[in-house]
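Below is one structure, written out as structure tokens; the observations come after it.
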Amino acid sequence: MTGEPRPAALTDLAGRSAIVTGAGSGIGRGIAQMFAAAGAAVVCADISAPAAEETAGLVRGSGGVAKAATVDVSSRAQVADLVASAVAEHGRLDVICNNAGIIIDVPVLDLDEAELDRVLAVNLKGVLFGCQEAGRAMAAAGGGSIINMASGAVDAAAPGLAAYGISKAGIVQLTKTLAVELGHDGVRVNAIAPGLIETSMTRRHYARPDGSVDEDRRAAVLQPMRKTSPLGLIGAPEDIAWAALYLASDAARFVTGQILRPNGGTSMPW
255 MTGEPRPAAL TDLAGRSAIV TGAGSGIGRG IAQMFAAAGA AVVCADISAP AAEETAGLVR
315 GSGGVAKAAT VDVSSRAQVA DLVASAVAEH GRLDVICNNA GIIIDVPVLD LDEAELDRVL
375 AVNLKGVLFG CQEAGRAMAA AGGGSIINMA SGAVDAAAPG LAAYGISKAG IVQLTKTLAV
435 ELGHDGVRVN AIAPGLIETS MTRRHYARPD GSVDEDRRAA VLQPMRKTSP LGLIGAPEDI
495 AWAALYLASD AARFVTGQIL RPNGGTSMPW
């Protein structure tokens, strides 16, 4: 290896600043905690102020550096303020993970325009705004890493999830295009397409009206999915957080325009 660097040093984010949207729970919370554990100062952004503060508090409680920000990513102005604030505080923005997203279960023939517009506003336009604002800041500073959250839904049709799948497919093309446009500025742009990860988003399939988990229903939902993985696994937020840390770090200095698929082997596109 050139210079024979120590592997641990390549994923060190000490001295860097990062933004994670949708950081109030699930995958976003896991990524925020991972970035902070690697040494980054993290802005934990979420549309829910209490959830954002809870994540930031967990990071600080573990010795990390974090602050909370309340942001609706479907608002360009709010995303612009989020990035500008991070740059003003730290002098630059090194990493952004555009993770915030919503999901609805509606078949194509029943999907109305308002529902589609809402999903696209958050999942696709929200990622676009994050890419634009962070991309400008990173290009001006000479580099950075943009990580967009796609989904396994880009590789396989998911009945009832047309709006979600459309938005995530758009993220893939956005990621590839921006990687080409910003590469000469030292900005890397990649996406993560997770397989099934057990989060509050998946719990909607087996939660009781009071929010508690119906364990029989949980087993009925997850066991068939577990069998589609050669590893026999259902993913956890930290599995995606490790992938995000790789893409955020110098270990991925030669990686851009790629779609990383931590999915337990449930899909293996060419």
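If you read the sequence shown in the numbering used here, its first letter stands for residue 255, the second for the next number, and so on. Even glycine gets a Cβ: it sits at the ideal position worked out from N, Cα and C.
The beta-carbon distance between Asn-517 and Gly-449, rounded to whole angstroms, is 3 angstroms. This is short enough to meet the 8 angstroms contact definition. When the alpha-carbon of Ile-400 is set against those of Ser-279, Gly-406, Asp-326 and Val-337, the nearest one is in Val-337. Every beta strand (DSSP E) stretch that sits fully inside the region 407 to 483 and reaches 3 residues is listed by chain position as 441 to 446. In summary, Leu-267 is buried, with 16 or more beta-carbon neighbours lying within 10 Å of its beta-carbon over all protein chains present. Spatial neighbours of Gly-389 in its own chain (CB-CB distance under 7 angstroms, excluding positions within 5 residues in sequence) are listed in chain order as Ile-400, Leu-432, Leu-436 and Val-441.
Bridge pairing for Lys-321: Val-297 [DSSP].
A direct Cα-to-Cα measurement between Ser-339 and Val-296 gives close to 12 angstroms. The criterion of a C-beta distance shorter than 9 angstroms is satisfied by Arg-346 and Ser-271.
In terms of Cα proximity to Val-426, the closest of Gln-512, Trp-524 and Ala-506 is Gln-512. Only residues of its own chain outside the window of five on either side were considered, and among them Ala-277, Thr-309 and Pro-491 have a CB closer than 7 angstroms to the CB of Arg-283, listed in chain order. Within the DSSP bridge table, the entry for Ser-399 names Val-349 and Arg-442 as partners.
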